[in-house]
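One structure is given below, encoded as structure tokens.
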Amino acid sequence: RYSMKLVLATQNPKKLKEMNEILSHLGVEVVSEAELGVRIEVEETGETFTDNARLKATAVMQATGLPAVADDSGLCVDALNGGPGVYSARYAMMAGEGSGDAANNALLLRRMKGKTDRSCAFICALALKIPGRETLIAEGSCPGVLLEEERGTGGFGYDPLFLYEPLNKTFAEVTEEEKNQISHRARACEKILEIMKGLHE
Ligand code: ITT
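So for the sequence shown, this note's numbering puts the first residue at -14; every next one is plus one.
Right under this line is the structure:
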């Protein structure tokens, strides 16, 4: 058990819920920005997941004075040279095609039309800022296959297109509990806790 309260630096409610469940399960007490009455807008100017996670965690740690953890994540598709990558949340927006999960998924399917290599991976970088300490960083990934049409209604973002082969289900078809055991986010959370524990040994 790790007795430290962490602020989750995210504006994405679905991500917040997953982080909350994963971290509580690992024995970490978490609190949202909303519960603290703050809303920190951070411009994600970084070129890597790690850079952006670091920017978000730093801003929230500075605003609250509390240890903060931020997730920067996305889907990297081999046939698109790793795209949408760090632009996953803004993919359709950047193409002038509106915003939101439905627009992002539609654009991704269009860009992948006719492509036979459908391998992809979800990536999650976590940054943990503890006041007066160096930033801790951990990355988790989860490989999958991009489908040609959506399947399932759970999850968020690109989940309905992401086939997790060991279960032959998309991340929108698995249960929340299943996703939170196998996802890029779960793997990154486990890693960062290992690093944190190491600091106290
Ligand atoms: P915050 O920055 O406030 O945390 P955000 O949604 O903007 O929220 P990111 O910049 O990290 O977060 O973008 C992550 C995007 O990557 C997200 O909007 C989805 O499109 C995609 N993504 C990340 N994790 C995912 C998951 O588990 N399932 C499906 N899509 C995911």
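In this text, a Cβ means the ideal position worked out from N, Cα and C, and glycines have one as well.
- PRO(-2): member of the alpha helix (DSSP H) spanning -2 to 10, first to last residue.
- Between the alpha carbons of GLU158 and GLU14 lies a gap of roughly 28 Å.
- Minimum Cα-Cα distance from GLY117 among the listed residues PHE107, HIS169, LEU51 and ARG96 corresponds to LEU51.
- Ranked by Cα distance from LYS41, the first of ASN90, ALA74, ASP86 and LEU113 is LEU113.
- For secondary structure counted as the alpha helix (DSSP H) over 4 or more consecutive residues, the stretch 3 to 65 holds these complete runs in sequence order: 18 to 21 and 34 to 49.
- For ALA74, the distance from the CB to the nearest heavy atom of the ligand ITT is below 7 Å.
- With fewer than 16 other beta carbons inside 10 angstroms of its own, ILE180 counts as exposed.
- In this structure, LYS164 is the residue among LYS164, CYS127 and LYS100 with its C-alpha nearest to the C-alpha of GLY139.
- The Cβ neighbour count for ASN66, taken over all protein chains shown within 10 Å, is under 16; the residue is labelled exposed.
- Beta-carbon to beta-carbon, GLY125 and LEU148 are separated by about 18 Å, too far to satisfy the 8 Å threshold.
- For the 8 Å CB-CB criterion, GLU26 and VAL(-8) do not form a contact.
- Non-local C-beta neighbours of LYS176 in its own chain, meaning closer than 7 Å and more than five positions away in sequence, comprise ALA123 and GLY125, ordered along the chain.
- Where GLY129 is concerned, the enclosing beta strand (DSSP E) starts and stops at 121 to 131.
- In this structure, the ligand ITT has no non-hydrogen atom nearer than 7 Å to the beta-carbon of ARG172.
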